[in-house]
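Notes to accompany the following structure.
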Amino acid sequence: MSLRKRVFLNVKINKGRSVGLFLVLSMILLFILVGLILEQTAKEAIQRVKSSANATVTLTANREQAFRNITKPKGTQQQLTLPAVRIAVAKKIAAATAVKSYNVSSMTTVKAVSFSAVTETADANATHVSGRKQNTENLSLLGVTRTTSLIAFSSGGSKITQGRALRASDGRTRNIIIEEQLAKKNKLKVGSKISIKSSSQKNISLKVVGIYQGGAPASSLALGQMNTSNTIYAGVETVNQLKNTNGMADSVTFSLKNAVVAKKFVKMASLQLDSSQYVLAADDSVYRALLTPLNNVRTFAKGLLLVSVSLGTIILTIIVAAIMSKRRAEIGILLSLGEKRMKIAAQVGSELLLIGLVASVMAVSGGTTLGNLISKQLIQQNSANASSLTIGTAQNQQAENNATTEEVSAQTGTQQGILRQNQQLKTLTVHLSWNTYGKLIVLGSLIIVLAVLIGTAHILFLEPYRFMSR
Numbered sequence: 007m008s009l010r011k012r013v014f015l016n017v018k019i020n021k022g023r024s025v026g027l028f029l030v031l032s033m034i035l036l037f038i039l040v041g042l043i044l045e046q047t048a049k050e051a052i053q054r055v056k057s058s059a060n061a062t063v064t065l066t067a068n069r070e071q072a073f074r075n076i077t078k079p080k081g082t083q084q085q086l087t088l089p090a091v092r093i094a095v096a097k098k099i100a101a102a103t104a105v106k107s108y109n110v111s112s113m114t115t116v117k118a119v120s121f122s123a124v125t126e127t128a129d130a131n132a133t134h135v136s137g138r139k140q141n142t143e144n145l146s147l148l149g150v151t152r153t154t155s156l157i158a159f160s161s162g163g164s165k166i167t168q169g170r171a172l173r174a175s176d177g178r179t180r181n182i183i184i185e186e187q188l189a190k191k192n193k194l195k196v197g198s199k200i201s202i203k204s205s206s207q208k209n210i211s212l213k214v215v216g217i218y219q220g221g222a223p224a225s226s227l228a229l230g231q232m233n234t235s236n237t238i239y240a241g242v243e244t245v246n247q248l249k250n251t252n253g254m255a256d257s258v259t260f261s262l263k264n265a266v267v268a269k270k271f272v273k274m275a276s277l278q279l280d281s282s283q284y285v286l287a288a289d290d291s292v293y294r295a296l297l298t299p300l301n302n303v304r305t306f307a308k309g310l311l312l313v314s315v316s317l318g319t320i321i322l323t324i325i326v327a328a329i330m331s332k333r334r335a336e337i338g339i340l341l342s343l344g345e346k347r348m349k350i351a352a353q354v355g356s357e358l359l360l361i362g363l364v365a366s367v368m369a370v371s372g373g374t375t376l377g378n379l380i381s382k383q384l385i386q387q388n389s390a391n392a393s394s395l396t397i398g399t400a401q402n403q404q405a406e407n408n409a410t411t412e413e414v415s416a417q418t419g420t421q422q423g424i425l426r427q428n429q430q431l432k433t434l435t436v437h438l439s440w441n442t443y444g445k446l447i448v449l450g451s452l453i454i455v456l457a458v459l460i461g462t463a464h465i466l467f468l469e470p471y472r473f474m475s476r
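The opening residue of the sequence shown carries number 7 in this note's numbering; numbering runs sequentially from there.
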């Protein structure tokens, strides 16, 4: 009788044994498949975060060096002079392939003329603490290239509710966008005109083209800090004209195409700058906050695969050894008839492979759903823990450092970016690819081959008469 017929005949006759092997192999392959799906899900999640997580590099004056350079002659107050960033230099850096967009920022403080600044607080007594009063008379006029490139807007911390965002074409105009609380208090709408007074005591007329929602509430701001509702966004050229700093900027923020290249970009851009005057700071906090938990999931998946293959091999080896002991009479007769030992081992292996092939279909049908379910739970749990830790740390630093208006907006945007990425990861579903299915077949076959080689060794090396005498 040929090997193929013996394999099918043994599987068919020994139905109880075949069913038992089917269940065991199904469970082994199921755990292997879950591990493979976990690894694939974590890998795809990492790629998604790499391509979509916000990563920015900010070019500003080197404050530390400026403090060191302060001279203090007798009878004079110490003065801090910060070098402005040349926009022409920033444009050269922005020409790098890693840069998706860049935003020039320049800020000044102005006073409201035809309207009033927001002064509300959560506590009526909040404006009188330790004999000090919050500064609610001034407004921050923040000049930018475009608002869509700001972290606060791109990450979802702030959003346009009426009108439109500022564009690069608004740079030389008097168009502005204001916060909705400021608009509500002064009954302003898109198209309204307001007047402000600059430091030169000159009245300037501005036109509202958009109203945005965002920023931290006044109750969360530290003593003496300006209400974030009093931040007005304008074109950078408009602010520079008021400050008489044409062609210069307070800072330049580069948005990168991929968070992975942040460090490399900083190193490259630093070569074009004077490190004693300027500093580049990378902000890939959203990417880093989510990368660690995703790598943890990937490590867990590899560990699950290793454990599944190891335990599967051990369990199947014990079962094969037990089966060989029960089939010693059949094996002894085959050896007496001149059958080769390796052919007998091949028969046992072929029986397991046949049953394993059917078991793999069962494992795939249930393992795909189970694997996606487990991977989503692990990714969400680990990401949520990392996000809570990152957001809590940012809030503590914000409170301790008495963050400025733009820093509050950036921190809010970072927090919203982490939450938005978590929401996107919830929709991540991995479909079983041919590559994954191929890995499952290879690992399943490897387990069966190892189990057969080890489980049959102690019997196949015996002489035929020993089988019959036992």
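The beta-carbon is built from N, C-alpha and C at its ideal position, and this holds for glycine as well.
If you're wondering where the values come from, they're calculated on a predicted model, not measured in any experiment.
Integer Cβ distance of S120 from I200, believed to fall under 8 Å: The Cβ separation is near 5 Å, so the contact holds.
What do you reckon, are the CB atoms on M274 and V91 nearer than 8 Å? Contact: no.
On the DSSP bridge assignment, give the partners of Q278 in chain order. None; Q278 has no bridge partner.
For V266, three-class secondary structure by DSSP: Here V266 carries a helix assignment [DSSP, helix/strand/coil].
With burial defined as no fewer than 16 other Cβ atoms inside 10 Å of the residue's Cβ, what is the status of G485: buried or exposed? Look at the range of the chain in this structure, 7 to 476, and you will see that residue 485 is not part of it.
Nearest by alpha-carbon distance to A240: which of V150, I210 and V285 is it? V150
Have a look at the DSSP bridge pairing and note the partners of Q168. DSSP, once it has assigned bridges, lists I217 as partnering Q168.
Report the rounded CA-to-CA distance for V196 versus L311, giving the unit in angstroms. Counting only the Cα atoms, L311 lies some 59 Å from V196.
Rounded to the nearest angstrom, what separates T442 and G373 at their Cα positions? Distance from the CA of T442 to the CA of G373, rounded to the nearest whole angstrom, comes to 12 Å.
Closer than 8 Å is the cut-off here; do at least three beta carbon pairs connect the stretch 208-218 with the stretch 168-185? yes
Counting pairs of Cβ atoms below 8 Å between the stretch 44-52 and the stretch 245-252, do you hit three or more? no
Buried or exposed: which applies to G309, given that a residue is buried once 16 or more other Cβ atoms fall within 10 Å of its Cβ? With fewer than 16 other Cβ atoms inside 10 Å of its own Cβ, G309 counts as exposed.
Looking only at its chain, what residues have a beta carbon closer than 8 Å to the beta carbon of N301, apart from the 5 residues adjacent to it on each side? A48 and I52
DSSP has I200 in a bridge; who is on the other side? L212.
Using a 10 Å radius around the Cβ and a threshold of 16 neighbouring Cβ atoms, would you call D510 buried or exposed? Because the chain is modelled from 7 through 476, residue 510 falls outside the range shown and cannot be assessed.
Kindly indicate which three-state DSSP category L286 falls into: helix, strand or coil? strand
For V303, which residues in the same chain have their Cβ closer than 8 Å to its Cβ, ignoring the five residues on either side in sequence? L44, T47, A48, A51, S381, L384, I385 and N388
Three-state secondary structure (DSSP) at N441? In the structure shown, N441 sits in a helix (DSSP, three-state: H, G or I).
CA-to-CA distance, R333 to L452, given in whole angstroms: 23 Å
Could you pull out every residue in the same chain whose Cβ sits closer than 6 Å to the Cβ of G26, ignoring the five residues on either side in sequence? none
Minimum C-alpha distance to I324 - residue among A265, S371, K270 and L456: L456
Tell me which same chain residues have a C-beta within less than 6 Å of the C-beta of T64, skipping the five on either side of it? S257, T259 and A287
Exposed or buried, which one is F159 when buried takes at least 16 other CB atoms within 10 Å? Answer is buried; the Cβ neighbour count reaches 16.
Put F121 into one of helix, strand or coil per three-state DSSP. Look at F121 here: in three-state DSSP terms it is coil, with no helix or strand label.
Rounded to a whole number of angstroms, what is the C-alpha to C-alpha distance between T114 and S122? Their Cα atoms are separated by approximately 18 Å.
Using a Cβ-Cβ distance under 8 Å, would A94 count as near chain D? As a matter of chain content, chain D is missing from the structure shown, which is built from one protein chain.
What do you reckon, are the CB atoms on A104 and K263 nearer than 8 Å? yes
Report yes if the CB atom of A365 is closer than 8 Å to the CB atom of L15, and no otherwise. A365 places its beta carbon 8 Å or farther from that of L15.
Can you tell me which of the three DSSP states L459 falls into? helix
Quick one: what does DSSP say S235 is sitting in, helix, strand or coil? helix
In whole angstroms, what separates the C-alpha of Q219 from that of A189? 10 Å
Residues bridged to R92 (per DSSP): Its beta-bridge partners are M254.
With a threshold of 8 Å on Cβ separation, who are the neighbours of R358 within its own chain once the five nearest residues in sequence on each side are excluded? One point to set straight first is that residue 358 is Leu, not Arg, in the sequence displayed. Within the same chain, L358 has close Cβ partners L27, L31, L322, V326, I454, A457 and V458.
In or out: I202 buried (at least 16 other Cβ within 10 Å) or exposed? That one is buried.
A101 versus I183: straight-line alpha-carbon distance, rounded: 28 Å
Cβ atoms of L446 and I38: under 8 Å apart, would you say? It is a contact, given that the beta carbons lie within the stated cut-off.
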